[in-house]
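For reference, the structure is listed below as structure tokens.
Written as structure tokens, this is what we have:
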């Protein structure tokens, strides 16, 4: 069983978009894959749209609660929304939910983080602690925009300092007008020292991103 954790250089960098594309690619390779969005902020009575997308792309039938055990309606840092409602998010329920997914024995469990690598769960732990506890391989989504070199290198250092493997990274072209794109990509290849899984242009759907992604390094 492969355990993947998708993180980003920041919030709104396209983690769900890339996660969905990776799941579709893995399914095309005849692997069973389930998505897990442990903590989500923002949504309505149906749930969080990111979690719903992972649910839709999963090979096996899952309930919403299995995909997204901790959910708050406000689109803010999850631990702040939890505090507002007198709640406290912790690692234990996430580990329990993850363990239940492993009993389904999929080929791949793809976990999508919230925000960046150090998003707090509460005052004492971070969402990255889940990835550490389950020894997940990490994929970094880099939003190609000014400042991405610093953000990407710092995130990669944090991942490795936590004892985890950066399995690969994706250059996500959200800013189609970014200057010196190729130069920035070459710099990232040196700074990250991990396989580039692809450079994804600003396309409309995850399915359109598939030709630009190589998921072989994740196998």
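Residue numbers (the working numbering): 73 to 291. Using N, Cα and C, we set each Cβ at its ideal position, and we do this for glycine too. In this text, all values refer to a predicted model and were calculated from it rather than measured experimentally.
Here residue 246 is near residue 274, since their CB atoms are less than 8 Å apart. According to the DSSP assignment, residue 207 belongs to no beta strand (DSSP E), since it is labelled neither H nor E. In the same chain as residue 250, and ignoring 5 residues on each side of it, the C-beta atoms closer than 8 Å to its own belong to 216, 217, 218 and 256, in chain order. By a beta-carbon distance limit of 8 Å, residue 139 contacts residue 126. Their separation comes to about 6 Å. Here the alpha carbons of residue 197 and residue 152 stand approximately 14 Å from one another. Inter-residue distance for residue 173 and residue 130 is about 12 Å (C-alpha atoms, whole angstroms).
Using a Cβ distance threshold of 8 Å, residue 224 and residue 212 count as a contacting pair. Membership of residue 285 in any beta strand (DSSP E) is not indicated, and neither H nor E is assigned to it by DSSP. Annotation: residue 85 is outside any beta strand (DSSP E) and is labelled neither H nor E by DSSP. Taking 3 residues as the shortest admissible run, the stretch 218-252 contains the following complete beta strand (DSSP E) segments, listed from N- to C-terminal end: 238-244. Here DSSP, grouped into helix, strand and coil, assigns residue 184 to strand.
By the Cβ-count criterion, residue 214 is buried, with 16 or more other Cβ atoms from all chains shown falling within 10 Å of its own Cβ.
Setting aside the 5 residues that flank it on each side, residue 228 is surrounded in the same chain by 238 and 264, each with a C-beta closer than 6 Å to its C-beta; the list follows chain order. DSSP places residue 199 in no alpha helix (DSSP H); its state is neither H nor E.
Between residue 209 and residue 163, the C-beta spacing is not below 8 Å. Taking residue 230 as reference, the option from 179, 271, 205 and 190 with the minimal CA-CA separation is 190.
In this chain, the beta strand (DSSP E) harbouring residue 272 covers 268-272. Annotation: the stretch 108-148 contains the following complete segments of the alpha helix (DSSP H) (minimum length 4 residues), in chain order: 121-129 and 136-139. Ranked by Cα distance from residue 92, the options 124, 177, 168 and 165 are led by 124.
Look at residue 99 here: in three-state DSSP terms it is helix. DSSP places residue 291 outside both helix and strand once states are collapsed to three, so it counts as coil.
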